[in-house]
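Mapping of the sequence shown onto numbering that gives the first Met the number 0: position 53 corresponds to residue 52, and the numbering continues sequentially without gaps. Beneath this line is the structure, given in structure tokens, with notes to follow.
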Amino acid sequence: MRTTMSLDDRLVKELMRVTGAKTRTAAIHLAISEFVRRKKLEGLKALTGKIRIADHWQELEEIELKEQAKQERRWRGHR
């Protein structure tokens, strides 16, 4: 998508320097991507302690082991 904007030349040059980008487009794309990534992380951090996740890994492991044992018995019976 092409967009026309007025940007501070010094800021864009500094952005290119700190990102190592060779073009203005690459530098701005990188900056926008990083900004979006950080905002998403902030959103996730804000959820800390607000979401209850059922932690049933032991139950799930037990079910999985029982299913695995059942499969092994079937396998042995088909030999």
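Heads up, the beta-carbon is just placed ideally off N, CA and C, and yes, glycines get one too.
Distance CB(A30)-CB(L14) smaller than 7 Å: yes
To the nearest angstrom, how far is it from the Cα of K65 to the Cα of E58? 11 Å
Between R1 and V11, how many whole angstroms is the CB-CB distance? I'm expecting something under 8 Å. At roughly 17 Å, the Cβ-Cβ gap does not stay under 8 Å, so R1 and V11 are not in contact.
Which stretch, first to last residue, makes up the alpha helix (DSSP H) that contains I52? Careful: I52 lies outside any alpha helix (DSSP H) and carries neither H nor E.
Could you spell out the range, first to last residue, of the alpha helix (DSSP H) harbouring K44? R23 to A45
Does DSSP put M15 in a helix, in a strand, or in coil? helix
Report the three-state DSSP secondary structure of L64 (helix, strand or coil). helix
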